[in-house]
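Chains as they are written, first to last, in my numbering: chain E, 124 to 571; chain B, 547 to 591.
Idealized CB from N, CA, C, for every residue including glycine.
Predicted, not measured: the structure shown is a model, and the values here were computed from it.
One structure below.
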Amino acid sequence: MFKKILIANRGEIALRIIRACKELGIKTVAVYSEADKNSLHVTFADEAVCIGPAESRNSYLKVPTIMSATMVTGADAIHPGYGFLAENANFSEICHESGIKFIGPTAEMIRTMGDKAMAKYTMKANNVPVIPGSEGIVDDVVEAKRLAEGIGFPVIIKASAGGGGKGMRVVREGSEFELAFVTARAEAEAAFGNGDVYIEKLVLNPRHVEIQVIGDQHGNHYHFGERDCSVQRRHQKLIEESPSPALDQELRDRMGAAAVKAAKAINYESVGTIEFLLDKDKNFYFMEMNTRIQVEHPVTEMVYETDLVKQQILAAAGEVIDVPNNRPKGHAFEFRINAEDPDNNFRPSPGRIESLNFPGGLGVRIDSHIYQSYSIPPYYDSMVAKLIVWDKDRNSAIQKAKRALGEFIIEGIKTTIPFHLDVLEDERFISGDFDTSFLENFKPRNKN
Amino acid sequence: MLCIVEAMKLMNEIESDVAGTVARIMVDNARPVEYGQLLFLINPD
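Given below as structure tokens:
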């Protein structure tokens, strides 16, 4: 087992990993930028190392500095969290060559599956249904436009290293293409340090249903059912749930089997997620694989009664992972609390938290790095907390979510809490019959 | 489009409300800005 893990991340996920390490009896090292010196992950880690200025590319994305911090503190493994270097194959390779265990897949696995374009090619070769699109990464804007015209508009430009809606643009007609392509590339470069993009046909009004998988170093692969992430704004997930209201056990078994097959195809190790689009006729298409722990992993943890981050660390340490063939129990939601103003087109709202009250009670979980008087820096992601609720069924979980969101007070910044409360009153949301276009047509009840 | 304002990792394309000529740029590249801050002086056509 590892003696000391360096966490190459910040915010709530750094804290989440520290918690798992502490329970496993592993020492932790936090790294932080100058803008994060008052952050909780610095407080709760056993050691902390400042790795540079606020800008991510000079701190959380700066590989030589992170490797130096690892050597200086004597850590024997690095957990990358999500975002930043989590899906950077070169980083995984550098760790390996330096004798440091990267808690995630090998460079080769990231290159095959983490690279969204190559992943799709691999899936196609393994007879998993895929969406029409470019055969791989497209660099040249003229060639890209010609390809898009061949696929037929609307198309979607996606960052190969991406996730979270960054480096992603929908293009409805040819005249919008050039600007969208250039902006997507710039955004991808800024967020992931990799500007590669690919192009896909836009499947209209699908549900976003993803399967959680895990693999160990002994060839064992399992799935933990699905998460439904159809409540998205500009491809950024806002509410996730498990199980999906659209799946029965038969479809869950089939999608789970497809996901396990995908993981086995590359002998995947660590936790990962296979994202599918599910159309209204219940056909599912492989979209991409995320070769990391995901933001929304807690909903799976609640309904499968497991700790995915601990499992990920154990798998990385070479232990045999054994998952009984269990089924989801009850229902869980996750609400992303972002420092954004829902009344002003979700514009970012960084600033100082003047007053804070976290909700509590049975089946209520908060994963967050904020505290009263904490200042949210403008340099990083806007997510400040995740509220996860669990109850025996979907309707009970909705009631619990309303109660918990009502107790959740954050003063000093604007947040998405009022937005979530509005969604919970929406008839379509309550019915469970909605798709990824849900928010485009959503009207909050206090407006018209 | 006049510029891109980056906030919390999102790139926001800022468009001009009027057609015209940029007379003066009031901020430096890659410096933090606040809500309501003057960015450009524009001579309308």
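May I have the straight-line CA-CA distance separating Lys160 (chain E) from Glu216 (chain E), to the nearest angstrom?
29 Å
Any C-beta of chain B sitting closer than 7 Å to the C-beta of Glu310 (chain E)?
yes
Can you tell me the Cβ-Cβ gap for Ile476 (chain E) and Ile493 (chain E), rounded? I've got them flagged as a contact below 8 Å.
6 Å
Is there contact here, the stretch 201 to 213 of chain E with the stretch 362 to 377 of chain E, by at least three beta-carbon pairs under 8 Å?
no
Between the Cα of Asn467 (chain E) and the Cα atoms of E:Pro567, E:Arg142 and E:Val332, which residue gives the shortest distance?
E:Pro567
Scan the stretch 156 to 213 of chain E and note each continuous alpha helix (DSSP H) run of 4 residues or more that stays entirely inside, going in chain order.
163 to 167 and 186 to 196
Give me the subset of the stretch 497 to 510 of chain E whose CB atoms are less than 8 Å from a CB atom of chain B, sorted by chain position.
Pro501, Tyr502, Tyr503, Asp504 and Ser505
Cut-off 6 Å between Cβ atoms - residues of its own chain near Asp169 (chain E), not counting five sequence neighbours on either side
Lys150 and Thr151
Which residues DSSP lists as bridging Val261 (chain E), in chain order
E:Val320
What does the Cβ neighbour count give for His219 (chain E), buried or exposed, with the cut at 16 atoms within 10 Å?
exposed
Would you report the Cα separation of Gly566 (chain B) and Val507 (chain E), rounded to the nearest angstrom?
40 Å
Chain B contact for Pro471 (chain E) (CB, 7 Å cutoff):
yes
When we look at the beta-carbon of Leu584 (chain B) and count the other beta-carbons within 10 Å, is it buried (16 or more) or exposed?
exposed
Which same chain residues, not among the five before or five after Asp558 (chain E), have their C-beta less than 8 Å away from its C-beta?
Asn328, Pro329, Arg330, Ser353 and Lys403
Could you tell me which residues DSSP pairs with Arg356 (chain E) in its beta bridges?
E:Gln359
Is it right to say Thr248 (chain E) is buried, meaning 16 or more other beta carbons lie within 10 angstroms of its own, or is it exposed?
The sequence given here places Ala at residue 248 (chain E); Thr does not occur at that position. Per the 10 Å Cβ criterion, exposed.
Interface residues of chain E around Pro590 (chain B) at Cβ under 8 Å?
By Cβ distance, chain E contributes nothing, its closest Cβ being about 23 Å from Pro590 (chain B), past 8 Å.
Exposed or buried, which one is Phe552 (chain E) when buried takes at least 16 other CB atoms within 10 Å?
buried
Check distances from the C-beta atoms of the stretch 165 to 179 of chain E to those of chain B and list, in chain order, the residues that come in under 7 Å.
none
To the nearest angstrom, report how far apart Phe125 (chain E) and Gly148 (chain E) are at their CA atoms.
9 Å
Quick one: what's got a C-beta closer than 6 Å to Glu363 (chain E)'s C-beta in the same chain, skipping five residues either side?
Arg350, Cys352, Glu419, Val422 and Glu457
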